[in-house]
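When we follow the UniProt record's numbering, the leftmost residue of the sequence shown carries the number 1, and every step to the right adds one. In this text, a Cβ means the ideal position worked out from N, Cα and C, and glycines have one as well. Accompanying notes for the structure given below.
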Amino acid sequence: MNILKSLYNHKKSKEAFTYIEVIVSLLIIALLAGLLYFSYAICIKGINSSRKSVKESIEWLNTDSLIRKKIEQVSIPFWVTDYEYSFSSNSLTLSWINGVNNSETLSLPEIFKIQTVETIDSDNDSIKGLIVKYQYKNADYELKALFASRSFGSSQI
């Protein structure tokens, strides 16, 4: 009987885990893994949203800069009193680019919608630049750009 009693005591030693302890620890590990996966998914979603926002901002900045640079290339001779330009919802046509009397059309991406184009007039009735009001992603923007200069033939002032 002593042999059976010693075998029974050996199985109930304090050094081993019970099944309930193992199951509880596995549940805790599974819960922590689920929380880690959920927080990882939220981080990835935030990163993708940030990337999209940065791409849109770069597109807006590049197009705004393109419009500004094209307007700044306009150089009207002193004898021209009326400056001619035209625009549609996705394009802007300017004349007197770099002092040459030809028209150049600047095409914009479809997401940009030009609403109005106005002139910036100076005190002596000459046009100094343009104000372009446009819409990008349902937000209104206003761009003010000055012409390069008024030219006297081949020289600039």
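DSSP on Ser103, reduced to helix/strand/coil?
Numbered from 1 along the sequence shown, position 103 holds the residue referred to as residue 103. If DSSP states are grouped into helix, strand and coil, Ser103 belongs with coil.
So, does the stretch 74–91 touch the stretch 108–116, judging by three or more C-beta pairs under 8 Å?
When C-beta atoms of the stretch 74–91 are compared with those of the stretch 108–116, three or more pairs fall below 8 Å, so the two segments count as touching.
Distance, Cα to Cα, Lys52 vs Leu27?
Position 52 of the sequence shown, counted from the start, is the residue given in the question as residue 52. Position 27 of the sequence shown, counted from the start, is the residue given in the question as residue 27. Their Cα atoms are separated by approximately 38 Å.
Start and end of the beta strand (DSSP E) containing Ile131?
To locate residue 131, count along the sequence shown from 1; it is residue 131. Run containing Ile131: Ile127 to Tyr136, per the beta strand (DSSP E) assignment.
Taking only beta-carbon atoms, is Asn90 less than 7 Å away from chain B?
This model lacks chain B altogether, as it is built from one protein chain only.
Would you identify the three-state DSSP class for Ile120, choosing helix, strand or coil?
Counting from one through the sequence shown, the residue named residue 120 turns up at place 120. Residue state, collapsed to three classes: strand.
Checking 7 Å against the spacing of the C-beta atoms, do Ile127 and Lys144 come in under that value?
Numbered from its first residue, the sequence shown carries residue 127 at position 127. Numbered from its first residue, the sequence shown carries residue 144 at position 144. Not closer than 7 Å, so no.
Phe38 - DSSP class collapsed to helix/strand/coil:
Within the sequence shown, the letter at position 38 stands for residue 38. Here DSSP, grouped into helix, strand and coil, assigns Phe38 to helix.
If we call anything under 7 Å between Cβ atoms a contact, is residue 164 one with Gly129?
Summary: the structure shown does not reach residue 164, with the chain confined to residues 1 through 157, and so no result is reported for it.
What residues in its chain sit with their C-beta under 8 Å from that of Arg68, if we drop five residues either side in the sequence?
For the purposes of this step, residue 68 is identified with residue 68 of the sequence shown, where counting begins at 1. Correct list, in chain order: Leu143 and Ala145.
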